[in-house]
Structure formats: C-alpha cells, structure tokens
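Numbers -22 to -1, 1 to 341, taken from mature numbering (1 follows the signal peptide of the UniProt record, and there is no 0), label the letters of the sequence shown in order.
Just so it is clear, CB atoms sit at the ideal spot from N, CA and C, and this is done for glycine as well.
If you're wondering where the values come from, they're calculated on a predicted model, not measured in any experiment.
As structure tokens, the structure follows; a few thoughts come after it.
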Amino acid sequence: MLRTVLVAALTAALIGAPAAQAAPSAPGDLVEYKPVIATAPAKAWKLLYRSTSATGQPSTVSGILLVPHTPWTNGPRPLVTYAVGTHGLGDRCAPSTRLTNGSENEVLLMGQALSRGWAVVVTDYEGLGTPGTHTYAVGQSEGRAVLDAARAAARVPEAGLSKTGPVGVFGYSQGGQAAAFAGELQPSYAPDVNLVGVAEGGVPADLNAVLKFNDGGPAFGLVLGAAVGYSTAYPELPFNDVLNTKGEQAVAKVKEACTVELGAAAPFARLNDFTTVPNVSSDPRWQARLGENLAGKTKPGAPVYLYHASLDELIPLSVGKGLRDRYRALGADVTWQEFPLLEHIGGVSAGGPVAMSWLGTKF
C-alpha cells in the first residue's frame, strides 16, 4: 500500500514522520510514496507529487527517487533531477515503471550519477504513469515536473536529503528540452531549489523547426506524438476535431506507444495526411503555444552545459546552435560542445558521460 502524507497521523504511524503535516497543496509536495525495488544500485521510492501544468493549473505527477547505499559525508548529498528522453505516451512506458521491471534504457547514465554518490530523482512527466494523456514535448510542463521532483525528493524522510542541498539537472532529447525549461523556470518558479548546473543535450529547443524537419521523415511518429502532447496541454488547439479517420486511428495507436513504436508509428507520413484541414500547426493558436515553448527566451538560473551531435537526424544541429546563441545573447553562463560525425543516439552515448562529469564540477 502506498504511504500517504494526506493524513498526518497515518503517516506518523507508518514511517515515523512528524505528526503535524499539512495536506499536499503546493508544487513539490508529496501526495504518496512507497519503497520499491529498482534495477539500480540504490534504495528506491516511487513518488506521487504535486506540480503545475503548462497553463498554470495544479497537477499530480509520478516519479522515482534513487539514493545510493553508500553514505555521503561531504555536506548535503547532491541530487540530480534526471529528465529522460522520449519514452512514449503509454503509461507502461513511464521510467518509474521501467526502472522496476528492468526495461529502463537510461539506467546506465543514471548509474553514473549514483556511482558518484549522488541521489537521482526521475520524473515521469505530466500524464505519463498518471491519469490523462502525456503532454509530450511541452517544455513548460516538463520543466516544472523536473523542478518539483527535486522538491519532492527532499521531502522523503528516509532519503536523508536536504531541502537546501545542491541540485543538478540532466537531460537529453525530450529530457534536454525538460532540462532547458527547468533551468529557465527555476528563478521564478522554484527559487528554493538550489540549482547549481544544468546539463542538456540534443535539445528540441525550437519545435517549429523540429516539426518541419521531421514532417515526411522516417521518425514522423514523433511529430504525431508532439501534436497529441500539445493538444492535451492546450485543449483550445485545433487537432482532435480536425483528424480524419486515418488520423483518429494513428492517434489512438500513438497514445499507447513506447519509444520505438512511437518513432515508427507512421514512417514518411506528413501531418496533412491525418487532418481534414492543411497545415494545422500554422494556425495562430498553435504558433502562440509553440512560441511559449521555445527554449532560450529566459536566462537560466544556473550554468549550462549544452551539447549536440553534428549529424543529428532528428533534431538538426542548427536548432542546438540557435539555442546556444539565444543563451549567449541573454548573458547566460553556457558551455557549448559539438560532437562531430555522430547522430542522435550517438550524441548521448558520447556526450552523456561528459555532461555527468561537468555536473560533478558544480557539486
């Protein structure tokens, strides 16, 4: 049974927490948590915590906290709030589930943080592993979920984490977008989070450019997934009401898909193939929401390590360079690294360990 913090007396009886706890109502507050066994060298807890949607509404997000078995003696234990890359839209794809059933493909990178003695908290993002549809590729939602995961982790009594301890953010691909928005939102949304560094790679910083690049490409399913994510986060956007029969069938498939099935959902298709009106993303309402999710419009609250593979076949290098240039124009502390002759997956294989080492210089 999940342990709840909604009833203070029950919480105290179950885990020895202080008898007077407020009902969870603020971003980062724990709703429930329970110990689980994860396929990682760490103690683990499944979390359910409060966050905020892209439109500013209260939401509830799940995740998982990993704390190394080895003690940490050099001040507060550092915490990495880890933003995973594309896992899909089906609830079975949530990293908190995959870390307990042995199917998580980013566990080796998480392990690099754990092996350094750092705690790791992994958000499932809004709607992934919880009721509703995942708001895939919506940076405003993802960034808040990443920051609130850090807050929630520090509220697990057995974890022994400090609410003022150093926090780093790590993410690649969708996770890179989430990390970017966490960095940009932290000064206004979560100034209580002691953010010391943000490592982000393969960032789909400009969704307009990424959607156009992949429309008609082999991984078009990612475009369809993003359209589902945006129409979920922003119900006023014309999408579900302009789907044709083929589109309705494809969307139903995408909503249950994990990474590989999502990317391969409709190879070489175009968004126009699935709608009754052309160029739906050119609608002013779409453009306004995509503009809200353009990364690099606000100076991040901590130094940034930004990296990109030169031959990225999903998120073109120009998108990464554009983010770099916007950061620099804002006066951000940004370290840029380009990995030559590598594509999207190669970018994280080469850059992920470097990014972890960079975070180590900030703790």
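Going by DSSP, name the residue or residues bridged to residue i.
i	result
L164	Here the sequence assigns Gln to residue 164, which means Leu is not the residue at that position. Answer is none; Q164 lacks a bridge partner.
H286	E316
P46	A20
T38	R28
T253	L221
residue 348	Since the displayed the chain opens at -22 and closes at 341, residue 348 lies outside it and no answer follows.
L295	Partner(s): none; L295 has no beta bridge.
Y305	In the DSSP output, where bridge partners are listed per residue, Y305 has none listed.
Under the three-state reduction of DSSP, which class applies to residue i: helix, strand or coil?
i	result
I323	helix
Q(-2)	Note that Q(-2) scores a pLDDT of 46, beneath 50, so its modelled location is shaky and nothing firm can be said.
T(-19)	Confidence at T(-19) is low in this model, with a pLDDT of 39, below 50, so the placement of that residue should be treated as unreliable; the coordinate-derived value is given next. Three-state result, T(-19): strand.
L272	coil
G300	helix
K231	helix
Applying the 10 Å Cβ sphere with the 16-neighbour rule, what's the burial state of residue i?
i	result
T48	exposed
A(-1)	Low per-residue confidence applies at A(-1): pLDDT is 49, beneath 50, and the placement is therefore not dependable, though the value from the model is reported in the following sentence. Flag for A(-1) reads exposed.
G329	buried
L292	buried
L8	buried
P245	exposed
L189	buried
K275	exposed
E226	exposed
S40	buried
I42	buried
N271	buried
T64	buried
S140	exposed
P169	exposed
G207	buried
T254	exposed
Looking at the secondary structure, which residues open and close the beta strand (DSSP E) in which residue i lies?
i	result
V171	Premise fails: V171 is in no beta strand (DSSP E) and is neither H nor E.
V14	L8 to V14
Taking the alpha helix (DSSP H) that residue i belongs to, which residues open and close that run?
i	result
V201	G199 to A211
V258	Per DSSP, V258 belongs to no alpha helix (DSSP H) and is neither H nor E.
L215	L215 -> no alpha helix (DSSP H), and no H or E assigned at all.
G241	T237 to G241
A187	L185 to N192
Segments of 3+ residues assigned as beta strand (DSSP E) that fall wholly inside the segment 55 to 81: 57 to 61
For the segment 89 to 152, which segments carrying the beta strand (DSSP E) assignment without a break, of at least 3 residues, lie completely within its bounds, in sequence order? 97 to 101 and 145 to 150
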